[in-house]
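Q:
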Amino acid sequence: MNNNSSIDFEQLKALVKQCGLEEKIQLVRILEEETFPDRFKRILEKLRTDAEDLTFEEITAEVETVRQERYDAERQAQYCG
Numbered sequence: 053m054n055n056n057s058s059i060d061f062e063q064l065k066a067l068v069k070q071c072g073l074e075e076k077i078q079l080v081r082i083l084e085e086e087t088f089p090d091r092f093k094r095i096l097e098k099l100r101t102d103a104e105d106l107t108f109e110e111i112t113a114e115v116e117t118v119r120q121e122r123y124d125a126e127r128q129a130q131y132c133g
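The opening residue of the sequence shown carries number 53 in the numbering used here; numbering runs sequentially from there.
(1) How big is the Cα-Cα spacing for Q130 and E75?
(2) With DSSP run on the structure shown, which of helix, strand or coil describes C71?
(3) Once DSSP output is grouped into helix, strand and coil, what is the label at I59?
(4) Just how far apart, CA to CA, sit V115 and R127?
(5) So what's L99 in DSSP terms, helix, strand or just coil?
(6) Where does L106 sit, in a helix, a strand or coil, going by DSSP?
Printed below as a string of structure tokens:
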């Protein structure tokens with residue numbers, strides 16, 4: 053919160069506690085809209101960082117694991133069905 057506000061954060065929290073449920077829901081929606089660009093940017097940065105840490109071998113191993121799991125599930129369904 054910037055320094056130009058007339059109430060401090062503790063006062064704001066006390067005011068929010070006095071609000072009814074519908075008012076609190078409206079506040080949550082406003083905060084979600086206000087913070088969405090920053091939250092989205094953080095997620096993208098995290099995804100980029102995680103993807104950079106993966107090696108080709110790790111990606112290949114994961115793909116093979118998923119393929120094997122799908123193959124096993126299909127075979128199990130054939131035997132049980």
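Glycine is no exception: its CB is placed at the ideal position from the N, C-alpha and C atoms.
All figures in this text were calculated on a predicted structure; none of them were measured in a lab.
A: Reading it off the structure:
(1) Roughly 54 Å between the two C-alpha positions.
(2) Three-state DSSP puts C71 in coil, outside helix and strand.
(3) I59: coil per DSSP, three-state reduction.
(4) Distance between the alpha carbons of V115 and R127 is about 18 Å.
(5) Three-state DSSP puts L99 in a helix.
(6) The DSSP-derived three-state label of L106 is coil.
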